[in-house]
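Peer 1: Once you know that position 45 of the sequence shown is 199 in our numbering, the rest is easy, because the numbers rise by one and skip nothing.
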Amino acid sequence: MTDTGRQLRALYFTRFASSFGLVTLLTLLPTFINELGAEGFVLGLFATGLTFAQAVGIIPISWAGDRYDKRTVLLGGLGLSVFVYFGFALVETSWQFIAVRAVQGIAATAAGLIALALVGDLARESERANTIGTSNAWRFAAAIGGTFSAGALYDLFGFEAVFTLLMIVAAAAFVVVWLWVEPDDTRIHGFPFTDLAFNKRILTMTSFRAQYAVAVTLVRTWVPIYAGLAAADGGLGYVNSATAVAVVIAAEKFTNMLCQPYTGGLSDRFGRARFVFVGGLFYGTVALAVPFTPVIGGTLALPTTFPFLGELSAAFLPLVVLNGLLGVADSIREPASMALFADEGKGKGVASSFGVRDLVWRPGSVLAPLAGGWLTSNVGIDWVFYLGGAFAFTGVFAFLGILSYNHGRDALTAW
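Next comes the structure, spelled out in structure tokens:
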């Protein structure tokens with residue numbers, strides 16, 4: 155008899171393992187840059203090599219997941235992850251790092267995308283957003299753990315210990331999938347990616363997602379930059395307190411982790427489209443408030459000195475709170491949005507549906523940092539958050555307009 159609960163728990167752990175590896179390597183990226191002496195074009199490839207490989211892998215991996223057994227594709231991604239982390243331990247040059255990082259992108263796409271597709275497939279329609287939200291909560295737990303543990307483990311034991319841990323976590327995920335997740339007998343012939351990419355309902359959702367990618371990438375990337383950047387350059391000047399910056403980052407992930415199962419369940423009960431709309435509006439509003447954290451802290455006469463963190467500024471607590479609220483806003487939007495894609499892909503190609511979702515995100519996530527860098531250097535860092543908020547608003551109102559025009563005025567409450 156199929157034990158859906160056990161399969162889902164195995165997939166939750168798989169998403170934890172995949173995210174833990176990505177975040178740990180991201181945390182140690184500056185250390186690798188210093189160790190290997192990367193600069194210029196090669197330095198850029200340290201960051202973009204992974205993203206480019208992930209983008210290239212989306213279509214073939216999603217096609218394979220729909221055409222063949224998703225469990226086999228997932229096991230392939232997890233097995234490749236084990237070898238990737240072993241490969242990182244052998245890296246001696248920048249180009250070797252870039253090559254292994256690109257392979258990590260393929261492995262992470264296979265593990266993350268297919269695990270999510272299986273979660274969407276196994277979840278009952280009436281509980282799909284709640285189930286996906288629970289899955290995402292495991293991913294955020296890994297992000298918090300990876301952020302705080304990577305540096306400490308490296309400082310105490312070096313790179314070898316970090317990669318040994320990552321190999322063990324990836325291997326454990328491989329084993330639990332092998333033992334607990336049943337083979338997937340769904341077979342979608344043809345090329346469902348194309349059909350779903352031009353599906354009317356998915357086009358409505360991507361009209362929002364393509365713009366929202368710019369908002370989230372800008373705000374999520376620039377909040378820690380704003381915290382750490384020198385005051386002379388428009389930041390808060392926490393440049394000598396990496397722990398303070400880590401607390402700011404963790405606030406968003408922590409609230410997202412706590413809220414997603416709950417907000418996902420609410421969207422199952424009350425309609426998913428309205429949660430996408432409200433979450434996007436809330437995110438844009440909070441993003442616009444970030445540059446005003448010094449004013450908020452000063453007006454409320456908040457403390458400027460903190461235990462273990464030392465002297466910071468009155469803006470610290472408002473920034474932590476606002477970044478936590480950004481996590482709440484994203485938790486309202488994300489499980490509902492993912493469930494809509496899973497709903498539409500069910501029986502037509504869930505992996506391809508999530509593949510379209512991932513691919514639409516890529517242009518904004520690549521171009522947004524370029525715009526953010528230009529604004530920071532030429533106009534002022536505050537305008538990064540104004541632009542991020544603006545894209546959140548244009549995204550939600552484009553979504554509302556297209557939704558109402560193509561699917562009726564009551565579509566916001568009916569979806």
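Backbone N, C-alpha and C fix where the C-beta goes; we use that ideal spot for every residue, glycine too. Every value quoted in this text rests on a predicted model; they were computed, and no experiment measured them.
(1) What is the DSSP secondary structure of GLY549, counted as helix, strand or coil?
(2) Return the chain-ordered ranges of every alpha helix (DSSP H) run that is complete within the stretch 234 to 316 and spans a minimum of 4 residues.
(3) If contact is defined by three or more beta carbon pairs under 8 Å, each pair taking one atom from either stretch, is the stretch 166 to 176 in contact with the stretch 256 to 266?
(4) Taking all protein chains shown into account, decide if GLU314 is buried (16 or more other Cβ within 10 angstroms of its Cβ) or exposed.
(5) From this set, ASP275, LEU454, ALA253 and SER361, which residue's C-alpha is nearest ALA552's C-alpha?
(6) Please go through the same chain and pick out, in chain order, the residues whose beta-carbon is closer than 8 Å to the beta-carbon of ALA171, but skip the five residues on each side of it.
(7) Tell me, to the nearest whole angstrom, how far the beta carbon of GLY451 is from that of ALA546; I am working on the premise that it is less than 8 Å.
(8) Under 9 Å, do ALA304 and LEU165 count as touching if we go by C-beta distance?
(9) Take LEU442 and list the residues in its own chain whose beta-carbon comes closer than 7 Å to its own, dropping the five residues that flank it on each side.
(10) Would you please state the rounded distance, in angstroms, between the beta carbons of PHE508 and ALA271? I believe it to be under 8 Å.
(11) Measuring straight from C-alpha to C-alpha, what distance separates MET155 and MET492?
(12) Who are the near neighbours of ALA565 in its chain, counting only those whose CB is closer than 7 Å to its CB and skipping five residues on each side?
(13) Kindly give me the distance between the Cβ atoms of PRO346 and ASP223, rounded to whole angstroms, as I take these residues to be in contact under 8 Å.
(14) What residue from ARG163, LEU162 and THR205 has the CA that sits closest to SER519's CA?
(15) Take the Cβ of VAL514 as the centre, count every other Cβ of all protein chains shown within 10 Å, and call the residue buried at 16 or more, exposed below.
(16) Is GLU193 helix, strand or coil by DSSP?
(17) Is it right to say PRO461 is buried, meaning 16 or more other beta carbons lie within 10 angstroms of its own, or is it exposed?
(18) Do you know how far the Cα of MET359 is from the Cα of GLY555?
(19) Quick check: LEU190 and SER248, are their CB atoms within less than 9 Å of each other?
(20) Tell whether a beta-carbon distance below 9 Å holds between ASP349 and LYS502.
(21) Check for me: the alpha helix (DSSP H) holding SER467 runs from which residue to which?
(22) So what does THR459 bridge to, in DSSP terms?
(23) Three-state secondary structure (DSSP) at VAL533?
(24) Pair every Cβ in the stretch 237 to 252 with every Cβ in the stretch 282 to 291, then say whether three or more of these pairs are closer than 8 Å.
(25) Would PHE167 be called buried (16 or more neighbouring beta carbons within 10 Å of its own) or exposed?
(26) By the 10 Å Cβ neighbour count, where 16 or more other Cβ atoms means buried, how is LYS407 classified, buried or exposed?
(27) Where does LEU310 land, buried or exposed, given buried means 16+ other C-beta within 10 angstroms?
(28) CA-CA distance, GLY527 and LEU412?
(29) Judging by CA-CA distance, which residue of ARG516, LEU524, GLU193 and VAL550 is the nearest neighbour of ILE213?
(30) Rounded to a whole number of angstroms, what is the C-alpha to C-alpha distance between VAL550 and PRO523?
(31) Run through DSSP, which three-state label would GLY388 get?
(32) What does the alpha-carbon distance come out to for the pair GLU490 and GLY478?
(33) How about THR570 and LEU473: do their beta carbons lie closer than 9 Å?
(34) Thinking C-beta only, is ALA405 closer than 9 Å to GLY219?
Peer 2: The structure says:
(1) Mapped onto the sequence shown, residue 549 falls at position 395. Judged by DSSP in its simplified three-state form, GLY549 adopts helix.
(2) Within the stretch 234 to 316, the runs of alpha helix (DSSP H) that reach at least 4 residues and sit entirely inside it are, in chain order, 248 to 276 and 282 to 311.
(3) Touching, yes, given that three or more Cβ pairs across the two stretches are closer than 8 Å.
(4) Within the sequence shown, residue 314 is the residue found at index 160, counting from 1. Exposed is the call here.
(5) Counting from one through the sequence shown, the residue named residue 552 turns up at place 398. The shortest C-alpha separation from ALA552 is found at SER361.
(6) The residue labelled residue 171 in the question sits at position 17 within the sequence shown. Hits under 8 Å: LEU232, SER235, ALA265, ALA296, VAL323, ALA324, ALA326 and ALA327.
(7) Here residue 451 refers to the residue found at position 297 when the sequence shown is read from its first residue. Here residue 546 refers to the residue found at position 392 when the sequence shown is read from its first residue. Actually they are not in contact, since the Cβ atoms of GLY451 and ALA546 sit about 24 Å apart, beyond 8 Å.
(8) Counting from one through the sequence shown, the residue named residue 304 turns up at place 150. Counting from one through the sequence shown, the residue named residue 165 turns up at place 11. Against a cut-off of 9 Å, the Cβ pair of LEU165 and ALA304 comes out as no contact.
(9) Reading the sequence shown from its first residue, position 288 is the one you call residue 442. Same-chain partners within the cutoff: PHE539, TYR540 and GLY543.
(10) For the purposes of this step, residue 508 is identified with residue 354 of the sequence shown, where counting begins at 1. For the purposes of this step, residue 271 is identified with residue 117 of the sequence shown, where counting begins at 1. The beta-carbon distance between PHE508 and ALA271, rounded to whole angstroms, is 5 Å. This is short enough to meet the 8 Å contact definition.
(11) Working through the sequence shown from its first residue, we reach residue 155 at position 1. Working through the sequence shown from its first residue, we reach residue 492 at position 338. In this prediction, MET155 scores a pLDDT of 43, lower than 50, which makes its location untrustworthy; the coordinate-derived value is nonetheless stated afterwards. Taking the straight line joining both Cα atoms gives about 28 Å.
(12) Here residue 565 refers to the residue found at position 411 of the sequence shown. If we look at ALA565 and ignore the five residues flanking it on each side, its Cβ neighbours are ALA427, LEU557 and SER558.
(13) The count along the sequence shown starts at 1 and reaches residue 346 at position 192. The count along the sequence shown starts at 1 and reaches residue 223 at position 69. That belief does not hold up - the Cβ atoms of PRO346 and ASP223 are roughly 16 Å apart, past 8 Å.
(14) Taking the first residue of the sequence shown as position 1, residue 519 is located at position 365. It is THR205.
(15) Reading the sequence shown from its first residue, position 360 is the one you call residue 514. Flag for VAL514 reads buried.
(16) The residue you call residue 193 lines up with position 39 of the sequence shown. Under the three-state reduction of DSSP, GLU193 is assigned to coil, being neither helix nor strand.
(17) On the sequence shown, residue 461 is found 307 positions in, with the first residue counted as 1. Exposed: under 16 other Cβ atoms inside 10 Å.
(18) Position 401 of the sequence shown, counted from the first residue, corresponds to residue 555. Position 205 of the sequence shown, counted from the first residue, corresponds to residue 359. Distance between the alpha carbons of GLY555 and MET359: 11 Å.
(19) One-based indexing of the sequence shown puts residue 190 at position 36. One-based indexing of the sequence shown puts residue 248 at position 94. Between LEU190 and SER248, the C-beta spacing is below 9 Å.
(20) The sequence position of residue 349 within the sequence shown is 195, counting from 1. The sequence position of residue 502 within the sequence shown is 348, counting from 1. Against a cut-off of 9 Å, the Cβ pair of LYS502 and ASP349 comes out as a contact.
(21) In the sequence shown, residue 467 corresponds to position 313, counting from 1. Boundaries cannot be given for SER467, as no alpha helix (DSSP H) includes it and DSSP labels it neither H nor E.
(22) By one-based count along the sequence shown, residue 459 stands at place 305. In DSSP, THR459 forms a bridge with GLU465.
(23) Translated into positions along the sequence shown, residue 533 becomes position 379. Coil at VAL533, not helix or strand.
(24) The answer is no - the stretch 282 to 291 does not touch the stretch 237 to 252, with fewer than three Cβ pairs under 8 Å.
(25) If you number the sequence shown from 1, residue 167 lands on position 13. By the C-beta density criterion, PHE167 is buried, having at least 16 other C-beta atoms within 10 angstroms.
(26) Residue mapping note: residue 407 aligns to position 253 of the sequence shown, counting from 1. It is buried - the Cβ of LYS407 has at least 16 other Cβ atoms within 10 Å.
(27) If you number the sequence shown from 1, residue 310 lands on position 156. The residue is exposed, with fewer than 16 neighbouring Cβ atoms inside 10 Å.
(28) The residue you call residue 527 lines up with position 373 of the sequence shown. The residue you call residue 412 lines up with position 258 of the sequence shown. Taking the straight line joining both Cα atoms gives about 32 Å.
(29) Here residue 213 refers to the residue found at position 59 of the sequence shown. With respect to the C-alpha of ILE213, the residue from ARG516, LEU524, GLU193 and VAL550 having the closest C-alpha is ARG516.
(30) On the sequence shown, position 396 is the one that residue 550 refers to. On the sequence shown, position 369 is the one that residue 523 refers to. Between VAL550 and PRO523, the C-alpha separation is close to 21 Å.
(31) As a working note, residue 388 is residue 234 in the sequence shown. Of the three classes helix, strand and coil, the one that applies to GLY388 here is coil, per DSSP.
(32) In the sequence shown, residue 490 corresponds to position 336, counting from 1. In the sequence shown, residue 478 corresponds to position 324, counting from 1. It should be noted that the sequence gives Ala, not Glu, for residue 490. If you draw a straight line from the Cα of ALA490 to the Cα of GLY478, it comes to about 19 Å.
(33) Missing from the structure shown is residue 570; the chain here goes from 155 to 569 and no further.
(34) Within the sequence shown, the letter at position 65 stands for residue 219. Within the sequence shown, the letter at position 251 stands for residue 405. Contact annotation: GLY219 and ALA405 have beta-carbon atoms that are not nearer than 9 Å.
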